[in-house]
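**Student:** Provided herewith is a single structure, encoded as structure tokens, for subsequent inquiry.
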Amino acid sequence: MRLEGTIFKAGEVPKRLFKIVFGTVRETRRKTYHDLTNGDFVALFEYLLQIPVEEDIVALEETELVEVSWEDEYLNILGKVYDLREIISQTSVDVERIVLDDFQFEETNLDEYLDQIEALLTLSAGELPDDKDDAVKLIESLEEDRLITKVNLVKKFVEKFPNEEIGAKMLIETAAKVYIVLGDKYISKALLKKVLFLFPDSPSYCLEAVKTLESIYKEEGNIMWRKYGKIAKLLEAKLRGDN
Amino acid sequence: METIEVSAGEEIFKAGEVGKYIYVIKSGKVKISVGLYDFFITAQEPVAFGLEVLLDKPYTETCRAVEETKLIKCEKQEFLDMYAKTEVGKNSLVEFMRRTARALGWI
């Protein structure tokens, strides 16, 4: 059958198994969506477990579906579930051997990116004062309409005063503001990852950064949220141990 | 196809290993570990594990007998001929999906 729009409504338990011949179908679970294409099965998880779908499952364009039986598609179904297993191994964290690479930093150089934005918007705030307290005062005095300048000054601050934990606090606060006010996930994530790079010995700040990263990735539907969720659990356990 | 006995604590296979056999539980209890999650299966509702062998892929779970356990050990074709289209085959697929979904945080 050919259709466009809702295939299964939220709350419905799929009684039939459909395979996509062509087209795109979007499934959403835990606020994370997956787009299915040719050869994929619609609502496979809910069909197999006979549980209701969380949100409407929709064909995003004209899509052709064919009803199939699990018996005939046994190996294909198994193959699809196996593919999901691979996501688990790609996003899992070995708690015994956690390394910096587990944080999956983007390759793009953060400083270069921020410099480009600064040049583009010509919002340079000038030099950062040599006195730490004056520098903090200057940064804190900047309002939301000068957020990119604030980002740049915070970046300069952590370079100039690498041992000052207030740098971690400012990175987290600025990341949150950038996310809320500008909606720029890239800058927010980059600032938060800087906390992990520069303040690995401050688990409470790292935890705050990781938790925020988890929610940003979740919000954008990126499976990486699972990795940060696990790292957060690990840090929480470490903090409990430290206390 | 043969029935084997495994003792409590004995590892049946490990995630990452390339195996040749699928196992159907006949009696006892088996712990299945996927990532950081542990699941237990018993013979109450017979299911198979090690389905990855059907795809010629490495195991993705680590399975260990919790108590004295009897298992039917089958090769790929034997499982496809004997079990795949039966309730055991279906339950095994459903449980494989359930463990995957749990590890993905879907349930």
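Protein chains in written order, with the numbering used here: chain A, 1 to 243; chain B, 244 to 350. Cβ atoms here follow ideal geometry from the backbone N, Cα and C, with glycine treated the same way. For clarity, every value in this text was computed on a predicted model and none was experimentally measured.
(1) Could you please tell me which residues of the stretch 282-316 of chain B, in chain order, have their CB closer than 8 Å to any CB of chain A?
(2) Return no unless some Cβ of chain B is closer than 9 Å to the Cβ of A:L48.
(3) Taking Cβ positions only, does A:L235 come closer than 9 Å to chain B?
(4) What residues of chain A sit near B:V337, judged by a beta carbon separation below 7 Å?
(5) When we look at the beta-carbon of A:A209 and count the other beta-carbons within 10 Å, is it buried (16 or more) or exposed?
(6) Should B:V261 be flagged as near chain A, meaning a C-beta pair shorter than 9 Å?
(7) Beta strand (DSSP E) containing A:L198: first to last residue?
(8) Give the straight-line distance between the Cα atoms of B:V267 and A:E61, rounded to the nearest whole angstrom.
(9) Give the secondary structure of A:G5 by DSSP, where H, G and I count as helix, E and B as strand, and everything else as coil.
(10) Go ahead and pull the three-state DSSP assignment for A:R240.
(11) Give me the subset of the stretch 68-80 of chain A whose CB atoms are less than 7 Å from a CB atom of chain B, sorted by chain position.
(12) Hey, could you find the ends of the beta strand (DSSP E) B:A308 is sitting in?
(13) Rounded to the nearest angstrom, how far is the Cβ of A:Y33 from that of A:G229, given a contact under 8 Å?
(14) A:T37 by DSSP, collapsed to three states: which one?
(15) Whose C-beta lies closer than 8 Å to the C-beta of A:E73 among residues of the same chain, with five residues either side of it excluded?
(16) Quick check on A:V68: does DSSP put it in helix, strand or coil?
(17) Under DSSP, the beta strand (DSSP E) around A:L17 begins and ends at which residues?
(18) Any idea which residues DSSP pairs A:D145 with across the strands?
(19) Let's test the definition: count the other Cβ atoms within 10 Å of the Cβ of A:R2 and tell me whether it reaches 16, buried, or not, exposed.
(20) Quick one: does B:K274 have its CB under 9 Å from some CB of chain A?
(21) Got a sec? Which residues, its chain only, sit under 8 Å from B:R345 by beta carbon, not counting five neighbours each side?
(22) Please state the DSSP three-state secondary structure of B:Y266.
(23) Considering Cα atoms alone, identify which of B:G262, B:V273, B:T305 is closest to B:C317.
(24) Cβ of A:L17 less than 9 Å from any chain B Cβ?
(25) What separation, rounded to the nearest whole angstrom, lies between the Cα atoms of A:K137 and A:L153?
(26) Going along the chain, which residues of its own chain have a beta-carbon closer than 6 Å to the beta-carbon of B:V309, five neighbours each way excluded?
(27) Comparing alpha-carbon positions, which option in B:E321, B:S250, B:T285, B:E311 lies nearest B:I265?
(28) Check the Cβ-Cβ distances between A:G229 and every residue of chain B, and say whether any is below 9 Å.
**Tutor:** So, from the data block:
(1) Close to chain A, meaning a Cβ-Cβ distance shorter than 8 Å, are the following residues of the stretch 282-316 of chain B: L294, E295, L297, L298, K300, T303.
(2) Closer than 9 Å to some Cβ of chain B, the Cβ of A:L48 qualifies, so yes.
(3) With respect to chain B, the C-beta atom of A:L235 has no partner C-beta closer than 9 Å.
(4) Result: L48, L49.
(5) It counts as buried.
(6) With a threshold of 9 Å between beta carbons, B:V261 makes no contact with chain A.
(7) Segment 185-198 is the alpha helix (DSSP H) holding A:L198; no beta strand (DSSP E) there.
(8) In a straight line, the C-alpha of B:V267 is about 42 Å away from that of A:E61.
(9) A:G5: strand per DSSP, three-state reduction.
(10) In this structure, A:R240 counts as helix in the three-state DSSP scheme.
(11) Cβ contacts with chain B come from W70, E71, Y74, L75, I77, L78, G79.
(12) Counting along the chain, the beta strand (DSSP E) containing B:A308 begins and ends at 305-308.
(13) Between A:Y33 and A:G229, the beta carbon gap of about 18 Å keeps them out of contact (Cβ cut-off 8 Å).
(14) Here A:T37 sits in coil by DSSP.
(15) L17, K19, F41.
(16) Of the three classes helix, strand and coil, the one that applies to A:V68 here is strand, per DSSP.
(17) Element bounds for A:L17: 17-22.
(18) DSSP, once it has assigned bridges, lists no residue as partnering A:D145.
(19) Result: exposed.
(20) Chain A contact via Cβ: absent.
(21) Leaving aside the five residues that flank B:R345 on each side, the residues in its chain whose CB is nearer than 8 Å to its CB run, in chain order, V277, Y280, F282.
(22) Look at B:Y266 here: in three-state DSSP terms it is strand.
(23) Nearest of B:G262, B:V273, B:T305 to B:C317, Cα basis: B:G262.
(24) A:L17 does not count as touching chain B.
(25) Approximately 11 Å between the Cα atoms of the pair.
(26) Only K272, K274 meet the Cβ criterion.
(27) Comparing alpha carbon positions, the residue from B:E321, B:S250, B:T285, B:E311 closest to B:I265 is B:E321.
(28) Against chain B, the CB of A:G229 has a partner CB under 9 Å away; the residue lies at that interface.
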